[in-house]
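Student:
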Amino acid sequence: MRSDRTFTMIKPDAVANGHIGAILAKINEAGFRIAAMKYTKITKDQAKKFYEVHQERPFYEDLTDFMSSGTIVAAILEKDNAVADFRKLIGATNPAEAEEGTIRKEFAESMSRNAVHGSDSDENACIEGAFHFSGTEIF
Ligand code: UDP
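For what it's worth, UniProt numbering labels the leading residue of the sequence shown as 1, then goes sequentially.
1. Closer than 7 Å to a non-hydrogen atom of the ligand UDP - does that hold for the CB of Ala3?
2. Just the C-alpha distance for Glu56 and Asp62, rounded to the nearest angstrom, thanks.
3. On the DSSP letters alone, give me the boundaries of the alpha helix (DSSP H) that Arg57 sits inside.
4. Would you give the residue range spanned by the alpha helix (DSSP H) that Ile127 belongs to?
5. Have a look at Ala130, Lys26, Arg113 and flag the residue whose alpha-carbon is nearest the alpha-carbon of Asn17.
6. Apart from the five residues on each side of it in sequence, which residues of its chain come closer than 6 Å, Cβ to Cβ, to Tyr60?
Encoded structure:
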């Protein structure tokens, strides 16, 4: 399993608030290379599949409604230690707990509308990347 790739989505809140450019700039400044990227929208069913691990959690319906409510940017990012370094760059799930300088601290609206997704393991990065991109779309 390669450890130099992670998967991200700029979520509907950050897209609607006009933060795509600023978030991509932070990602570039932190040393990530974009291996794949698309501006897209997912259906409620796709959101339910993507967040399947959370299906028993109380926020599952709201989360999947939110993630299918507007356009997103999906991307595969490359860098040594990609998963851990990207989690550090995005900050805590709850922006009130996110460190200064992190993407969520700067751009998230709330715990649920928290601007970006970042894979939490190499295995999930691989699964989530494949959810959005075919092999020929990754460079
Ligand atoms: N989430 C939420 N309420 C919670 C916990 C999580 O709405 O109490 C949402 C939030 O958008 C989060 C996503 O569900 O990013 C996935 O949760 P996870 O615990 O995997 O957090 P992450 O890995 O995104 O920091």
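Every residue gets a Cβ at the ideal spot worked out from N, C-alpha and C, and that includes glycine.
Tutor: Here's the rundown:
1. Going by the sequence as given, residue 3 is Ser instead of Ala. Answer for Ser3: no, Cβ out of range of the ligand UDP.
2. 12 Å
3. Counted as a single uninterrupted DSSP element, the stretch harbouring Arg57 is not any alpha helix (DSSP H), since DSSP gives it neither H nor E.
4. Per DSSP, Ile127 belongs to the alpha helix (DSSP H) from 122-132.
5. Arg113
6. His54
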